[in-house]
Amino acid sequence: MNKKILLSLIISSFVVSSSVPVSVAEAQASAKKQTTKKRVAKKKPVAKKKQTPSRTTRKPIAPSESVMAERADNTELQGALDLAKSGNYEEASIRLFNLSRSPRYARERMQIKYLLGLMLYDMKMFQTAAFQFVDVVRDGNSLYIKKSLEKLSLAADKLGDETLLNYALSKVQLEDFPAASQDLLRYRIGEFQFKNGEFNRAAANFSAVDAGSALYAKSKYMEGLSFAIQNKNDFALRAYSDLLNLKEKADFTDASRVSAQLGLARTYYQNKEWDNAIQYYRAVPRDTPQWHDALFEVSWAQMRAAKFRSVLGNMHSLHSPYYEDFYIPESLLLRSIVYLYICQYDEMEKTLDLFKQVYLPVRTSLRDLLKANLTPTRYFREMDKFSQNYQALLEKTADRKMLMLPFLVARKIFKEADFSRGYSYIVNLRSEKQTMQQMSSRWKTSPVGQYSIKILDRRITRAEEASGLIAKRHAQDIHRDLLELFKQHDFARFEMSNGKKEILKKQILASNTSSKQIDSDNERSYYIQNGYEYWPFQGEYWLDEIGNYYYLGKSRCE
Amino acid sequence: MKFQLILLIVLLCIGDDALSAKIEFPDEELASESVLPVFDDPLPVKNRNVTTAKKIELTGFLGLTMNEPFTDPYNFGGMITYHFNEFHALQFYGTVFSATENDYPAQINEETGGDPGGYDIRGKVAEPESAMMLAYKISPYYGKFSLTKQGVLNIALYGTLGIGTIQISGEQSVAAALGIGQKFYFTDKFSLVADLRILGFTGPDPRGKIEVNPDPGISENGDRFQLKYIFTLGAAYIF
Numbered sequence: 134m135n136k137k138i139l140l141s142l143i144i145s146s147f148v149v150s151s152s153v154p155v156s157v158a159e160a161q162a163s164a165k166k167q168t169t170k171k172r173v174a175k176k177k178p179v180a181k182k183k184q185t186p187s188r189t190t191r192k193p194i195a196p197s198e199s200v201m202a203e204r205a206d207n208t209e210l211q212g213a214l215d216l217a218k219s220g221n222y223e224e225a226s227i228r229l230f231n232l233s234r235s236p237r238y239a240r241e242r243m244q245i246k247y248l249l250g251l252m253l254y255d256m257k258m259f260q261t262a263a264f265q266f267v268d269v270v271r272d273g274n275s276l277y278i279k280k281s282l283e284k285l286s287l288a289a290d291k292l293g294d295e296t297l298l299n300y301a302l303s304k305v306q307l308e309d310f311p312a313a314s315q316d317l318l319r320y321r322i323g324e325f326q327f328k329n330g331e332f333n334r335a336a337a338n339f340s341a342v343d344a345g346s347a348l349y350a351k352s353k354y355m356e357g358l359s360f361a362i363q364n365k366n367d368f369a370l371r372a373y374s375d376l377l378n379l380k381e382k383a384d385f386t387d388a389s390r391v392s393a394q395l396g397l398a399r400t401y402y403q404n405k406e407w408d409n410a411i412q413y414y415r416a417v418p419r420d421t422p423q424w425h426d427a428l429f430e431v432s433w434a435q436m437r438a439a440k441f442r443s444v445l446g447n448m449h450s451l452h453s454p455y456y457e458d459f460y461i462p463e464s465l466l467l468r469s470i471v472y473l474y475i476c477q478y479d480e481m482e483k484t485l486d487l488f489k490q491v492y493l494p495v496r497t498s499l500r501d502l503l504k505a506n507l508t509p510t511r512y513f514r515e516m517d518k519f520s521q522n523y524q525a526l527l528e529k530t531a532d533r534k535m536l537m538l539p540f541l542v543a544r545k546i547f548k549e550a551d552f553s554r555g556y557s558y559i560v561n562l563r564s565e566k567q568t569m570q571q572m573s574s575r576w577k578t579s580p581v582g583q584y585s586i587k588i589l590d591r592r593i594t595r596a597e598e599a600s601g602l603i604a605k606r607h608a609q610d611i612h613r614d615l616l617e618l619f620k621q622h623d624f625a626r627f628e629m630s631n632g633k634k635e636i637l638k639k640q641i642l643a644s645n646t647s648s649k650q651i652d653s654d655n656e657r658s659y660y661i662q663n664g665y666e667y668w669p670f671q672g673e674y675w676l677d678e679i680g681n682y683y684y685l686g687k688s689r690c691e
Numbered sequence: 113m114k115f116q117l118i119l120l121i122v123l124l125c126i127g128d129d130a131l132s133a134k135i136e137f138p139d140e141e142l143a144s145e146s147v148l149p150v151f152d153d154p155l156p157v158k159n160r161n162v163t164t165a166k167k168i169e170l171t172g173f174l175g176l177t178m179n180e181p182f183t184d185p186y187n188f189g190g191m192i193t194y195h196f197n198e199f200h201a202l203q204f205y206g207t208v209f210s211a212t213e214n215d216y217p218a219q220i221n222e223e224t225g226g227d228p229g230g231y232d233i234r235g236k237v238a239e240p241e242s243a244m245m246l247a248y249k250i251s252p253y254y255g256k257f258s259l260t261k262q263g264v265l266n267i268a269l270y271g272t273l274g275i276g277t278i279q280i281s282g283e284q285s286v287a288a289a290l291g292i293g294q295k296f297y298f299t300d301k302f303s304l305v306a307d308l309r310i311l312g313f314t315g316p317d318p319r320g321k322i323e324v325n326p327d328p329g330i331s332e333n334g335d336r337f338q339l340k341y342i343f344t345l346g347a348a349y350i351f
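These protein sequence lines map, in sequence, to chains A and B.
Counting in my numbering, the first sequence runs from 134 upward without gaps.
Counting in my numbering, the second sequence runs from 113 upward without gaps.
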């Protein structure tokens with residue numbers, strides 16, 4: 134149904150309900166003017182008021198001055214509602230906001246706020262609308278609580294505002310929600326519980342999402358993840374398999390299908406079923422963003438399955454210039470470990486040198502940054518600068534000096550789910566502010582306009598602080614990880630030196646025997662079976678070759 | 113001699129076998145997708161072997177004017193190209209044509225010269241002498257191919273659009289040229305170049321200004337629009 138029609142219906146129902154006489158006395162008074170009222174009944178309703186026992190027992194009297202004044206006020210409300218019905222939300226919102234603050238409408242305040250919220254929601258001012266719904270929910274004393282909660286959840290969902298969402302979830306009862314929105318609520322509750330570490334309860338909520346819901350695929354994935362985190366791998370495999378079966382006929386790059394494949398691969402890896410893990414990792418299509426993770430993760434599985442040649446083939450892709458902006462220090466250490474296994478110490482040294490060359494400046498820069506103890510807002514400003522100039526920074530590496538955070542660290546933080554959620558919330562708030570700035574100057578200078586801009590500015594500041602704090606924490610985590618990885622790097626260097634020493638010893642002992650090793654001759658020829666394309670690597674990296682490199686070296690261990 | 117040849121072949125075979133190793137990859141690890149990975153900056157190639165940006169390229173060439181009617185088709189010349197980046201460049205192109213009359217005017221005269229309406233253009237044909245062009249060059253395609261599976265040649269396809277002059281029998285005419293070419297890089301600096309350029313200009317009639325024997329005897333030919341297809345093969349060095 135068209136949103137405007139829906140809103141009109143809601144307003145109409147409000148108008149009808151507010152047309153009920155406020156008291157018996159008023160009913161009798163109004164009966165006198167019935168003929169006149171009939172003509173204008175639809176246009177001149179009176180706000181609904183609760184009947185109090187004292188009023189019902191009151192003797193019929195002529196309308197008092199206060200009743201007369203109230204009627205005059207109701208005209209104001211009616212006028213605002215008429216404006217809303219005619220689609221003039223801008224003017225209606227100004228009037229409704231004023232009425233919602235008027236002591237004369239104390240009894241109708243929550244109804245007015247609910248209506249104002251609906252109007253703002255329709256004007257795509259979700260944050261301001263959400264605040265109206267929050268007020269209604271907090272008040273806790275009106276018929277509009279359930280409806281407000283539902284709308285609040287939807288507005289929070291649109292904004293990606295976790296605080297509001299959590300607030301709504303803490304107040305809501307599933308059965309109070311309309312059936313159509315229950316799956317959304319289950320999913321959101323599941324997410325909330327997942328974040329709070331209540332994985333069992335989260336899995337239960339995710340699994341309760343109806344198979345016909347648009348959120349079913351996401352829920353299945355999250356269900357699998359909730360089980361996998363608890364090491365309930367069989368349940369996780371079942372959930373992921375269900376999802377994969379569901380998406381059997383979907384497009385190869387369908388996000389849910391790929392997530393299911395990745396979920397299965399990770400769970401099999403967790404189960405130490407290397408071959409199954411490799412099979413599912415390799416099923417992740419190359420033209421999806423998840424493929425990069427799959428390429429790195431499959432290398433671990435291949436390493437555990439002793440497929441060193443395959444690992445090194447992958448590493449050649451991962452350490453190509455295409456990945457120079459990716460934060461993947463672990464992959465360099467993994468590569469060096471494989472070289473250690475096959476006694477390729479020269480290659481190992483090159484790899485460890487590369488690790489040091491790339492990540493030592495990152496570590497130093499992070500250390501200096503963390504020592505400076507900047508405020509979360511400064512971190513956010515950095516991340517914002519990164520986001521605003523991302524394309525330019527990609528193309529002109531020299532410009533990256535404008536960032537205090539190393540580019541690849543900023544990129545990693547930006548891709549972290551919590552930061553990206555927070556940032557997208559801020560982007561939504563900014564867009565809402567832009568919507569407000571495009572409103573008429575009358576609206577902007579009106580109390581509702583000033584109120585909306587004020588709360589939006591406050592929300593933006595708070596959200597920036599929160600996101601900045603997340604960014605700072607990630608920077609601290611990355612710095613800590615790097616310290617740990619550098620310890621591993623030093624250990625690998627020690628092992629490499631040992632290995633080299635052993636080889637020298639053997640060479641000295643067997644100095645009289647000359648055994649030519651296959652790898653000692655770099656000029657050897659390669660043959661390739663007919664039907665296969667083969668390109669010897671000559672220094673340049675082609676996009677269509679990424680992921681298709683094969684290592685042809687041999688183990689030099691004796 | 114025969115024995116030596118057999119010995120050489122045997123030695124070659126033994127040598128290769130000794131140095132080669134049989135490495136097999138499981139089928140499931142071989143490429144099975146033709147789609148490309150997703151990157152924020154999806155350049156088709158990184159770390160190019162051949163880079164041309166901000167570099168000067170010198171080319172020398174020999175060629176044929178494929179539709180030259182009355183003079184020898186040979187030409188030679190050179191190009192100096194400045195590459196602004198990997199795609200765009202400015203090029204100076206100069207060529208000298210062989211101005212020697214070929215056998216056709218004589219053949220025509222032999223066959224028709226004595227008859228009324230026959231031609232005698234011997235010694236009178238317009239002789240193209242040289243052409244100079246300033247051209248914009250775009251290199252939209254950089255790739256590679258392997259002939260022997262032992263090594264890889266980088267290639268670049270380019271197009272040119274130029275304007276300049278052509279001198280024919282001492283007379284200069286304005287000419288425009290459209291061209292296409294292919295470079296085969298044998299190293300990151302040295303390449304072979306195949307270039308086809310179509311020159312369009314309005315200039316002296318190839319038969320020359322004056323014809324003898326078009327009935328009733330002598331007539332004058334005016335300038336006319338012509339196209340010259342110039343195909344050249346050259347060598348280029350970039351620095």
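Where is the CB? At the ideal position from N, CA and C, for every residue including glycine.
Nothing here was measured: the structure is a model prediction, and the numbers come from that model.
Item                                                                                                                                                                                            : Value
For residue 481 of chain A and residue 357 of chain A, I'd like the C-alpha separation in whole angstroms.                                                                                      : 38 Å
Which same chain residues end up closer than 7 Å to residue 316 of chain B when comparing Cβ atoms and leaving out the 5 residues on each side of it in sequence?                               : 238, 280, 281, 283, 335
Does the beta carbon of residue 653 of chain A come closer than 7 Å to any beta carbon on chain B?                                                                                              : Any answer about residue 653 of chain A is weak, because its pLDDT of 47 lies below 50 and its placement is not dependable; what the coordinates show is given next. Closer than 7 Å: no.
When burial is assigned at 16 or more other CB atoms within 10 Å of the CB, is residue 486 of chain A buried or exposed?                                                                        : exposed
For residue 219 of chain A, which of A:252, A:516, A:543 has the nearest alpha-carbon?                                                                                                          : A:252
What is the DSSP secondary structure of residue 668 of chain A, reduced to helix, strand or coil?                                                                                               : coil
Check the C-beta distance from residue 199 of chain B over to residue 189 of chain B and give it rounded, since I have them as a contact under 8 Å.                                             : Incorrect: roughly 24 Å between the Cβ atoms, too far for contact.
Determine the direct distance from the alpha carbon of residue 250 of chain A to that of residue 392 of chain A, and round the result to whole angstroms.                                       : 37 Å
According to DSSP, simplified to helix, strand and coil, what is residue 608 of chain A?                                                                                                        : helix
Could you check whether residue 320 of chain B and residue 339 of chain B sit closer than 7 Å to each other, using their CB atoms as the reference points?                                      : no
Could you work out which residue in B:337, B:304, B:289 is closest to residue 246 of chain B when comparing CA atoms only?                                                                      : B:289
Using the C-alpha atoms, what's the distance from residue 536 of chain A back to residue 521 of chain A?                                                                                        : 12 Å
So, using beta-carbon positions, are residue 355 of chain A and residue 368 of chain A closer together than 7 Å?                                                                                : no
In chain A, which residues lie with their C-beta within 9 Å of the C-beta of residue 154 of chain B?                                                                                            : 455, 676
Rounded to whole angstroms, what is the Cα-Cα separation between residue 162 of chain B and residue 169 of chain B?                                                                             : 12 Å
Under 7 Å between the Cβ atoms of residue 384 of chain A and residue 346 of chain A?                                                                                                            : no
Determine the chain A residues that contact residue 160 of chain B at a beta-carbon separation under 7 Å, and present them in chain order.                                                      : 673
By a C-beta neighbour count over all protein chains shown, 10 Å radius and 16 as the cutoff for buried, is residue 439 of chain A buried or exposed?                                            : exposed
Among all the DSSP beta bridges, which residues are the ones paired with residue 675 of chain A?                                                                                                : B:157
In chain B, which residues lie with their C-beta within 7 Å of the C-beta of residue 536 of chain A?                                                                                            : The contacting residues do not exist; residue 536 of chain A stays about 16 Å from chain B at best.
Specify whether the stretch 465-475 of chain A and the stretch 622-638 of chain A touch according to this definition: at least 3 beta carbon pairs, one from each stretch, less than 8 Å apart. : yes
Cα separation between residue 275 of chain B and residue 674 of chain A?                                                                                                                        : 37 Å
State buried or exposed for residue 171 of chain B, treating a residue as buried only when at least 16 other CB atoms are found within 10 Å of its CB.                                          : buried
Run down chain D in chain order and give the residues with a C-beta less than 8 Å from the C-beta of residue 303 of chain B.                                                                    : As a matter of chain content, chain D is missing from the structure shown, whose protein chains are A and B.
Could you check the C-alpha separation between residue 555 of chain A and residue 483 of chain A for me, to the nearest Å?                                                                      : 39 Å
Find the residues of chain A that neighbour residue 143 of chain B, judging by a C-beta separation of less than 8 Å, and give them in chain order.                                              : 680, 681
For residue 307 of chain B, which residues does DSSP report across the bridge?                                                                                                                  : B:293, B:344
State yes or no: is the beta carbon of residue 422 of chain A nearer than 7 Å to at least one beta carbon in chain B?                                                                           : yes
Pull up the distance between the alpha-carbon of residue 333 of chain A and that of residue 374 of chain A, whole angstroms please.                                                             : 19 Å
For a minimum of 3 consecutive residues, which ranges assigned as the beta strand (DSSP E) are wholly contained in the stretch 406-478 of chain A?                                              : none
Are the stretch 523-538 of chain A and the stretch 442-455 of chain A in contact at 8 Å, needing three or more beta carbon pairs?                                                               : no
The beta strand (DSSP E) spanning residue 252 of chain B covers which residue range?                                                                                                            : 240-257
Flag residue 237 of chain B as yes if its beta-carbon sits less than 7 Å from any beta-carbon of chain A, otherwise no.                                                                         : no
Can you tell which of A:336, A:687, A:515, A:497 has the C-alpha that lies nearest to the C-alpha of residue 611 of chain A?                                                                    : A:497
Evaluate the contact criterion for the stretch 223-232 of chain A versus the stretch 580-589 of chain A: three or more CB pairs, one atom per stretch, below 8 Å.                               : yes
Scan the stretch 225-261 of chain A and note each continuous alpha helix (DSSP H) run of 4 residues or more that stays entirely inside, going in chain order.                                   : 242-255
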